[in-house]
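Q: One gets the numbering used here by counting positions in the sequence shown from 1 and adding 271 to each.
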Amino acid sequence: MRLRNIPGAREEMLVNPYVVQNPETHRGQWCGFFGNSNPIHIEIGMGKGQFIMALAAANPNINYIGIEKYSSVLIRALAKQEALDLPNLRFIRFDAEYIEDIFAPGEVERIYLNFSDPWPKDRHGHRRLTSDRFLARYENVIPENGCIMFKTDNRGLFDYSLETAQVCGWSCNDVTYDLHHSPYEEGNFHTEYEDRFSALGNPIYRVVLRPKKQEE
Ligand code: SAM
Numbered sequence: 272m273r274l275r276n277i278p279g280a281r282e283e284m285l286v287n288p289y290v291v292q293n294p295e296t297h298r299g300q301w302c303g304f305f306g307n308s309n310p311i312h313i314e315i316g317m318g319k320g321q322f323i324m325a326l327a328a329a330n331p332n333i334n335y336i337g338i339e340k341y342s343s344v345l346i347r348a349l350a351k352q353e354a355l356d357l358p359n360l361r362f363i364r365f366d367a368e369y370i371e372d373i374f375a376p377g378e379v380e381r382i383y384l385n386f387s388d389p390w391p392k393d394r395h396g397h398r399r400l401t402s403d404r405f406l407a408r409y410e411n412v413i414p415e416n417g418c419i420m421f422k423t424d425n426r427g428l429f430d431y432s433l434e435t436a437q438v439c440g441w442s443c444n445d446v447t448y449d450l451h452h453s454p455y456e457e458g459n460f461h462t463e464y465e466d467r468f469s470a471l472g473n474p475i476y477r478v479v480l481r482p483k484k485q486e487e
């Protein structure tokens, strides 16, 4: 994502009521934070928030947390949430590398990864959100019956992610190489990148990853 610095964005993160401050203090207690026992679903690298906001509006019985590394991106989602004021949606400005610091084992039922940065150079491979290092972190926060839903238009990243997941002992389910023309499109909420790339004619790839142990 091309980043334009937005003056004041970082300061806004510190006072905006929809941005969770010190998320580490809620580790293991997110249900208490939301005031109910509904499942927690998160999107990592949520960008401007179109996807997670539509999901939260459609599913009031699920608590959603959008995680985004950069204030200048996240601030665009905040304006939309101020208008909608969805009680089951909050945001964290955070680097997902440290996700285990903010969620306890089994606390996150589902993780969405949408159009994650591909980091094509080998030496940057560990930054990919579907690298073995990140998968190991996710495995520590989702329950045995949890899952990761990953979509992208980048074939290289998709193939890498399937291969890496299998090597790391995850199972790859409901794989499609053309999401928008598949049965899985029903109920599929589009992200900003998804709309942009599919308008260019790019097929969208999608997989549901599950930790292998639940099949044993
Ligand atoms: N998911 C959105 C979509 O599909 O429209 C945005 C996709 S954009 C290519 C990837 C986003 O992931 C960027 O906003 C980037 O800042 C964020 N991101 C990348 N690495 C991250 C990390 N380690 N933790 C949190 N966010 C990250």
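A virtual CB, placed ideally from N, CA and C, is assigned to each residue, including glycine.
The beta strand (DSSP E) with Val286 in it runs from where to where?
A: Working through the sequence shown from its first residue, we reach residue 286 at position 15. First-last for Val286: 280-286, but that is the alpha helix (DSSP H), not the beta strand (DSSP E).
Q: Could you pull the DSSP bridge partners for Met420 from this structure?
A: Numbered from 1 along the sequence shown, position 149 holds the residue referred to as residue 420. Answer by DSSP bridge pairing, in chain order: Tyr383, Val479.
Q: Look at the alpha carbon of Ile346 and the alpha carbon of Asp366, and state the distance between them as a whole number of angstroms.
A: Residue mapping note: residue 346 aligns to position 75 of the sequence shown, counting from 1. Residue mapping note: residue 366 aligns to position 95 of the sequence shown, counting from 1. In a straight line, the C-alpha of Ile346 is about 16 Å away from that of Asp366.
Q: Comparing alpha-carbon positions, which option in Val286, Asn332, Ile333, Phe322 lies nearest Lys351?
A: Counting from 1 along the sequence shown, the entry for residue 351 is found at position 80. It is Phe322 whose Cα lies nearest to the Cα of Lys351.
Q: Can you tell me where the alpha helix (DSSP H) with Glu456 in it begins and where it stops?
A: Counting from one through the sequence shown, the residue named residue 456 turns up at place 185. Premise fails: Glu456 is in no alpha helix (DSSP H) and is neither H nor E.
Q: Among Gly303, Tyr289, Met284, Val478, which residue has its Cα nearest to the Cα of Glu378?
A: By one-based count along the sequence shown, residue 378 stands at place 107. When each option's Cα is compared against that of Glu378, the closest is Gly303.
Q: What number of angstroms, rounded off, separates the C-alpha of Asp372 from the C-alpha of Arg281?
A: Within the sequence shown, the letter at position 101 stands for residue 372. Within the sequence shown, the letter at position 10 stands for residue 281. About 21 Å.
Q: Starting from Cys443, trace the beta strand (DSSP E) in both directions and tell me its first and last residue.
A: One-based indexing of the sequence shown puts residue 443 at position 172. Residues 441-447.
Q: Whose C-alpha, out of Asp393, Ile311, Lys340, is nearest the C-alpha of Ile382?
A: Taking the sequence shown and counting its residues from 1, one reaches residue 382 at position 111. The residue with the shortest Cα to Cα distance from Ile382 is Ile311.
Q: Cβ atoms of Pro482 and Tyr448: under 9 Å apart, would you say?
A: Locating residue 448 in the sequence shown gives position 177, where the first residue counts as 1. Locating residue 482 in the sequence shown gives position 211, where the first residue counts as 1. It is not a contact, given that the beta carbons lie outside the stated cut-off.
Q: Gly279 to Gly316, Cα distance in whole Å?
A: Stepping through the sequence shown from its first residue, residue 279 is reached at position 8. Stepping through the sequence shown from its first residue, residue 316 is reached at position 45. Approximately 21 Å between the Cα atoms of the pair.
Q: In the DSSP assignment, what are the bridge partners of Asn334?
A: On the sequence shown, residue 334 is found 63 positions in, with the first residue counted as 1. Paired residues: Ile311.
Q: Pull up the CB-CB distance for Leu400 and Lys422, whole angstroms please, since I reckon it's below 8 Å.
A: The residue given as residue 400 occupies position 129 in the sequence shown. The residue given as residue 422 occupies position 151 in the sequence shown. The Cβ separation is near 12 Å, so there is no contact.
Q: Which stretch, first to last residue, makes up the beta strand (DSSP E) that contains Leu360?
A: Walking along the sequence shown from the start, residue 360 turns up at place 89. Here the beta strand (DSSP E) through Leu360 covers 360-364.
Q: Quick one, are the C-beta atoms of Asp424 and Tyr476 less than 9 Å apart?
A: Numbered from 1 along the sequence shown, position 153 holds the residue referred to as residue 424. Numbered from 1 along the sequence shown, position 205 holds the residue referred to as residue 476. For Asp424 and Tyr476, yes; Cβs fall inside 9 Å.
Q: Tell whether a beta-carbon distance below 9 Å holds between Asn359 and Phe305.
A: The sequence position of residue 359 within the sequence shown is 88, counting from 1. The sequence position of residue 305 within the sequence shown is 34, counting from 1. Going by beta carbons, Asn359 and Phe305 fall inside the 9 Å limit.
Q: Given a cut-off of 9 Å, decide if Arg364 and Glu380 are closer than it, judged by their beta-carbon atoms.
A: Indexing the sequence shown from 1 puts residue 380 at position 109. Indexing the sequence shown from 1 puts residue 364 at position 93. With respect to the 9 Å criterion, Glu380 and Arg364 are not classified as neighbours on the basis of their beta carbons.
Q: Could you check if Lys340 belongs to the surroundings of the ligand SAM, using beta carbon to heavy atom distance under 8 Å?
A: As a working note, residue 340 is residue 69 in the sequence shown. Checking the Cβ of Lys340 against the ligand SAM gives yes.
Q: Please state if the CB of Leu433 and the CB of Val446 are separated by a distance shorter than 9 Å.
A: Position 175 of the sequence shown, counted from the first residue, corresponds to residue 446. Position 162 of the sequence shown, counted from the first residue, corresponds to residue 433. Contact flag set, yes.
Q: If I measure Cβ to Cβ from Arg361 and keep anything under 7 Å in the same chain, skipping five residues before and after, which residues do I get?
A: Residue mapping note: residue 361 aligns to position 90 of the sequence shown, counting from 1. Only Tyr289, Val291, Ile336 meet the Cβ criterion.
Q: At a cut-off of 8 Å, would you count Asp366 as near the ligand SAM, judging by its Cβ distance to the nearest heavy atom?
A: Within the sequence shown, numbered from 1, the residue matching residue 366 stands at position 95. Yes, since a heavy atom of the ligand SAM falls inside the 8 Å radius drawn around the Cβ of Asp366.
Q: Report whether the distance from the Cβ of Lys351 to the nearest heavy atom of the ligand SAM is below 8 Å.
A: Working through the sequence shown from its first residue, we reach residue 351 at position 80. Lys351 Cβ: outside cutoff for every heavy atom of the ligand SAM.
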